Amino acid sequence: MEKVPMTVRGEQKLLKELEVLLKRRPLISQAIAEARELGDLKENAEYHAAREEQGICEAQIRDIEYKLSVAQVIDVTTLANTGKVIFGTTIKLLDLDSDKEMNYCIVGDDEADIKQNLISVNSPIARGLIGKLVGDEVQITTPGGLKEFEIMDVQYI
């Protein structure tokens, strides 16, 4: 079983989701029991809805438990900042074509959210940045074409 990188923040988020789902379990079971008391199960919409909700909840619990079991949690705050881009670091970039500054944090696939500047370790930009140092200029082939960046800062936060 191959380990999948995850930040501490990502692990905490999954643990919170799991906690909520585990608290929903008995409520769903109670809803099934109450719906069962209403009579004929073949035409009992409440029963079928509760059973469907139970199936979705159980699938989500299994999915989160699996993700946590294969996660390799990496806490970059415990590492010395060498200025090198690694998983979990926050990078300040300068787009050399537009002179626009941007910040990205490299995270696991499940944590990625471009709206929050969280990019997947498997994204073209992250793959192009991993291993580079502050001050390096990099050319990265993105879906939008070739982009040139300068690494302005690397933070281990």
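The sequence shown begins at 0 in numbering that gives the first Met the number 0 and counts up by one. A virtual CB, placed ideally from N, CA and C, is assigned to each residue, including glycine. Computed from a predicted model, the values in this text were never measured in an experiment.
Expressed to the nearest angstrom, what Euclidean distance is found between the alpha-carbon atoms of residue i and residue j?
i: Arg24; j: Leu93; result: 48 Å
i: Lys114; j: Leu145; result: 22 Å
i: Ile55; j: Ala48; result: 11 Å
i: Glu162; j: Lys66; result: Residue 162 is absent from the structure shown; the chain starts at 0 and stops at 156.
i: Leu13; j: Asp112; result: 15 Å
i: Leu17; j: Asn80; result: 33 Å
i: Arg158; j: Val19; result: Outside the shown range of the chain, which is 0 to 156, sits residue 158, and nothing can be said about it.
Per DSSP, residue i forms a beta bridge with which residues?
i: Leu93; result: Glu100 and Glu149
i: Glu136; result: Glu149
i: Val3; result: Ala70
i: Thr141; result: Gly144
i: Lys114; result: Lys114 pairs with nothing; no bridge assigned.
i: Gln154; result: Thr89
Measuring CB to CB, does residue i end up less than 8 Å from residue j?
i: Val153; j: Val84; result: yes
i: Pro4; j: Val120; result: yes
i: Leu21; j: Ile60; result: yes
i: Gly127; j: Ile139; result: yes
i: Gly107; j: Gly38; result: no
i: Leu132; j: Ile156; result: no
i: Glu147; j: Asp96; result: yes
i: Thr6; j: Gly82; result: no
i: Ile118; j: Thr141; result: no
Between residue i and the rest of its own chain, which residues show a CB-CB distance below 6 Å, the 5 nearest in sequence each way excluded?
i: Glu64; result: none
i: Glu52; result: Ile27
Using C-beta distances below 8 Å, list every residue in its chain close to residue i, excluding the 5 sequence neighbours before and after it, in chain order.
i: Asn116; result: Met101, Asn102, Tyr103 and Cys104
i: Val69; result: Met0, Glu1, Lys2 and Val3
i: Tyr46; result: Ile31, Ala34, Arg35, Leu37 and Leu40
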